[in-house]
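Reading through the structure tokens given below for one structure.
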Amino acid sequence: MWGPNLQSLLGDVFSTALVTLWGAMTLEGLQERRPPSGHKKSPKKERRKPPRGVKQLTLAFITQTRLHGIKYIYSRSLSFQHRALWFLAFCTSLGFLLSWSSNRFLYWLSFPTHTKFHMEWAKELPFPAITICNNNPIRFYKLTKSDLYFAGHWLGLLLANRTARPIILELLRDDHQKWFQKLSDFHLFLPPRNFEGTNLEFMDRLGHQLDDMLLSCKYRGEICGPQNFSSVFTRYGKCYMFNSGEDGKALHTTVKGGTGNGLEIMLDIQQDEYLPVWGETEETTFEAGVRVQIHSQAEPPFVHELGFGVAPGFQTFVSTQEQRLTYLPPPWGDCQSSPLDSGFYQVYSITACRIECETKYIVENCNCKMVHMPGDAPFCTPEQYKECAEPALATLSEKDNNNCICRTPCNMTRYNKELSMVKIPSKTSARYLEKKFNKSEKYISDNILVLDVFFEALNYETIEQKKAYEVAGLLVFLLKFPTFVLESVLRAHDTPISCFSILIHTTESCHIVITIESDIGGQMGLFIGASILTILELFDYLYEVLRDRLLDFLSKEEEEGSHDENVSTCDPVPNHSEAISHTVSVPLQTTLGTLEEIAC
Numbered sequence: 001m002w003g004p005n006l007q008s009l010l011g012d013v014f015s016t017a018l019v020t021l022w023g024a025m026t027l028e029g030l031q032e033r034r035p036p037s038g039h040k041k042s043p044k045k046e047r048r049k050p051p052r053g054v055k056q057l058t059l060a061f062i063t064q065t066r067l068h069g070i071k072y073i074y075s076r077s078l079s080f081q082h083r084a085l086w087f088l089a090f091c092t093s094l095g096f097l098l099s100w101s102s103n104r105f106l107y108w109l110s111f112p113t114h115t116k117f118h119m120e121w122a123k124e125l126p127f128p129a130i131t132i133c134n135n136n137p138i139r140f141y142k143l144t145k146s147d148l149y150f151a152g153h154w155l156g157l158l159l160a161n162r163t164a165r166p167i168i169l170e171l172l173r174d175d176h177q178k179w180f181q182k183l184s185d186f187h188l189f190l191p192p193r194n195f196e197g198t199n200l201e202f203m204d205r206l207g208h209q210l211d212d213m214l215l216s217c218k219y220r221g222e223i224c225g226p227q228n229f230s231s232v233f234t235r236y237g238k239c240y241m242f243n244s245g246e247d248g249k250a251l252h253t254t255v256k257g258g259t260g261n262g263l264e265i266m267l268d269i270q271q272d273e274y275l276p277v278w279g280e281t282e283e284t285t286f287e288a289g290v291r292v293q294i295h296s297q298a299e300p301p302f303v304h305e306l307g308f309g310v311a312p313g314f315q316t317f318v319s320t321q322e323q324r325l326t327y328l329p330p331p332w333g334d335c336q337s338s339p340l341d342s343g344f345y346q347v348y349s350i351t352a353c354r355i356e357c358e359t360k361y362i363v364e365n366c367n368c369k370m371v372h373m374p375g376d377a378p379f380c381t382p383e384q385y386k387e388c389a390e391p392a393l394a395t396l397s398e399k400d401n402n403n404c405i406c407r408t409p410c411n412m413t414r415y416n417k418e419l420s421m422v423k424i425p426s427k428t429s430a431r432y433l434e435k436k437f438n439k440s441e442k443y444i445s446d447n448i449l450v451l452d453v454f455f456e457a458l459n460y461e462t463i464e465q466k467k468a469y470e471v472a473g474l475l476v477f478l479l480k481f482p483t484f485v486l487e488s489v490l491r492a493h494d495t496p497i498s499c500f501s502i503l504i505h506t507t508e509s510c511h512i513v514i515t516i517e518s519d520i521g522g523q524m525g526l527f528i529g530a531s532i533l534t535i536l537e538l539f540d541y542l543y544e545v546l547r548d549r550l551l552d553f554l555s556k557e558e559e560e561g562s563h564d565e566n567v568s569t570c571d572p573v574p575n576h577s578e579a580i581s582h583t584v585s586v587p588l589q590t591t592l593g594t595l596e597e598i599a600c
């Protein structure tokens, strides 16, 4: 319970104790100098003690300090040679101290850090968000004549003159050739005027539907379904996210690790619906299956770069472990914690930064946005996709391009993954699955996959970047100690401190964070035998010198002011007969008296 805050607690207690001790000493001095309430001042002026002199204070400090070697240098009982040797030894040790301390100080100025790694066990862990995308963004046999008319050239199905590409007809079977020839015949076709381009409705309608793909779903042994997923659009078109936490839905949690304690789904990727591939382009995909990304709910999916593939005909096991990373802001690190200025995402993340940067770049260069991009810009038309948006994204993805450089978030959660897979269906289960799904064994091998995502164990790793030197409250207190001393002296002598306000403000504002007391303190003890108390002795010596100078200054002002002082009008002179002579003796008032003393 006390572990994390013990160091700061002891530092605060020690600093408070020193301030309290000094305050008590100051109050004691004030009480000695001021008479008790109700006590009338003596007619005779109470003289302050004469200043001791800087020389006497210095000799007293040298003879009493615990700083090694100083007293032998000024000792009159030693010979000159003996004292010279001590002087040489002290200067050598002081040189070593300054050399090593400057090395540590320069190292501190480099803002060093170290990494703390720790494993934490939990009784319950929130399950991550899982985004699943089919590698095929648009179902070929769901295209309408209007869709083909406007988007056929972008999809590579039509030539620029809106005629069917011959190689497409060669790739299709006979029954599908007749369908496509009829679909691509636009002689008597009147295109609609309100085609809005590749918008959300277009991608939502033509994308693979989860109701058709999801054959079975279980989470921690309980039945789940499409209602447990939410739609999200990425570079792969329409995707589906499990455990998104959107719309106020509670996050799923798990209390055990291992298979059977996570998400297990069976999907039909519907390869027969894939767009025909006739050549190699930047957007051509040769894969069959799904892309999966495991991420936190605060991070938008970036499946095309961060997702992993799951192939049909296999059951893929994904063992994951949560990692919680903490980075330091400048100057120790280069992380960012504040959200982006656009307001599209509430939490800063690298993927959010990348998506926003790509959106800004496309909108500025193409005057439109792609389907997966946030904002109010209009959606790109198929022509804008082909001629501007896709080439612009390819330019951003080049290695030498520095347009979208995003800083690391100060706090982030990521998930390590370990994948393994087995072939499905087995020979013994093939016939059962044929009857269950009314599909052939070949169709099952080519289209059906099983994905099992679970925690390896109910623990998580914390990786924290920490400062190599922590803030020391004691040294910060010592830096402000001279200001406290000066203020106490001025108040003790009823001297206005407004004239010192600039000095005090400047000293308190110089928050010099020195946190290398362990290194420098050890070197001080090794080379010159000094410690924190030795530094306090030095401050005490400086305080006495300053006090002596101030007392000398105030004494001179009192002597000058005594010649111009008139008879006080506070105590009226009593009436006496004219025949009786009486001499009145009135004490002189100092120029620095309090308001109460002047007003009597």
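Anchor point for the sequence shown: position 50 equals 50 in UniProt numbering, and the numbering is continuous, going up by one each time.
For glycine and all other residues, C-beta sits at the position ideal for the given N, C-alpha and C.
Keep in mind it's a predicted model, so treat the numbers as computed, not measured.
Exercise. How do the stretch 56 to 74 and the stretch 83 to 92 stand: do at least 3 beta-carbon pairs fall below 8 angstroms, yes or no?
Worked result: yes
For this session: Starting from the C-beta of L396, find all residues in its chain whose C-beta is less than 7 angstroms away, skip the five residues before and the five after it, and write them out in chain order.
Result: E358, Y361, N403 and C404
Exercise. Can at least three beta-carbon pairs, one atom from the stretch 417 to 424 and one from the stretch 309 to 321, be found at a separation below 8 angstroms?
Worked result: yes
Exercise. Just the Cα atoms here: how many angstroms apart are D452 and L263?
Worked result: 6 angstroms
Exercise. When the Cα atoms are used, what is the spatial distance from residue 603 to R139?
Worked result: Residue 603 lies beyond the stretch modelled for the chain, which goes from 1 to 600, so this question has no answer here.
Problem set entry | N459 in three-state terms, based on DSSP | strand
For this session: From the DSSP output, in three-state form, read off R235 for me.
Result: coil
Exercise. What separation, rounded to the nearest whole angstrom, lies between the Cα atoms of A288 and G237?
Worked result: 15 angstroms
For this session: Go ahead and label R235 buried or exposed: buried means 16 or more other beta carbons lie within 10 angstroms of its beta carbon, across all protein chains shown.
Result: buried
Exercise. Which residues in the same chain have their Cβ closer than 6 angstroms to the Cβ of D175, if we skip the five residues on either side of it in sequence?
Worked result: none
Problem set entry | Beta-carbon contacts of F233 that lie in its chain and below 6 angstroms, excluding the five residues immediately before and after | V371 and H372
Problem set entry | Local Cβ density within 10 Å of K369, reported as buried at 16 or more and exposed below that | buried
For this session: Would you please state the rounded distance, in angstroms, between the beta carbons of L310 and C133? I believe it to be under 8 angstroms.
Result: What sits at residue 310 in the sequence shown is Val, not Leu. Not really, about 10 angstroms apart at Cβ, beyond 8 angstroms.
Exercise. In this structure, does DSSP put P409 in helix, strand or coil?
Worked result: strand
For this session: Report the rounded CA-to-CA distance for D204 versus E441, giving the unit in angstroms.
Result: 30 angstroms
For this session: Hey, could you find the ends of the alpha helix (DSSP H) R205 is sitting in?
Result: L200 to L206
Exercise. Does the separation of the CB atoms of E461 and M119 fall below 7 angstroms?
Worked result: yes
Problem set entry | Three-state secondary structure assigned by DSSP to Y432 | helix
For this session: Label S230 either buried or exposed according to how many other C-beta atoms from any shown protein chain fall within 10 Å of its C-beta, with 16 as the threshold for buried.
Result: buried
Problem set entry | C-alpha distance - T381 paired with V255, whole-angstrom precision | 48 angstroms
Exercise. Alpha carbon to alpha carbon, what distance is there between D272 and R173?
Worked result: 11 angstroms
Problem set entry | For S101, the first and last residue of its enclosing alpha helix (DSSP H) | F80 to L109
Exercise. For E464, which beta-bridge partners are listed by DSSP?
Worked result: K116 and T326
Exercise. Does the stretch 107 to 115 touch the stretch 320 to 339, meaning 3 or more C-beta pairs lie closer than 8 angstroms?
Worked result: yes
Exercise. Can you tell which of L542, I294 and L275 has its C-alpha closest to the C-alpha of Y240?
Worked result: I294
Problem set entry | Touching by the beta-carbon criterion (3+ pairs, under 8 angstroms), the stretch 374 to 391 and the stretch 427 to 442 | no
Exercise. Does the stretch 98 to 110 come close enough to the stretch 212 to 226 to have 3 or more Cβ pairs within less than 8 angstroms?
Worked result: no
Exercise. Under a three-way DSSP split, which group does R66 fall into?
Worked result: coil
Exercise. Hey, would you say L251 sits closer than 7 angstroms to G257, going by beta carbons?
Worked result: no
For this session: Identify whether M370 lies in helix, strand or coil by the three-state DSSP scheme.
Result: coil
Exercise. Going by C-alpha distance, which of S184, W154, H68 and L171 is nearest T163?
Worked result: S184
For this session: Would you list the one or two residues that DSSP bridges to A530?
Result: Per DSSP, none; premise fails for A530.
For this session: Could you have a look at Y240 and say whether DSSP puts it in helix, strand or coil?
Result: strand
Problem set entry | Inter-residue CB distance, Q336 and R407 (contact presumed, cutoff 8 angstroms) | 4 angstroms
Exercise. On the three-state DSSP scale, how would you describe E273?
Worked result: helix
For this session: Give me the Cα-Cα distance between V476 and P128, rounded to the nearest whole angstrom.
Result: Note that V476 has pLDDT 48, beneath the 50 cutoff, so the model's placement of it is unreliable and no number is given.
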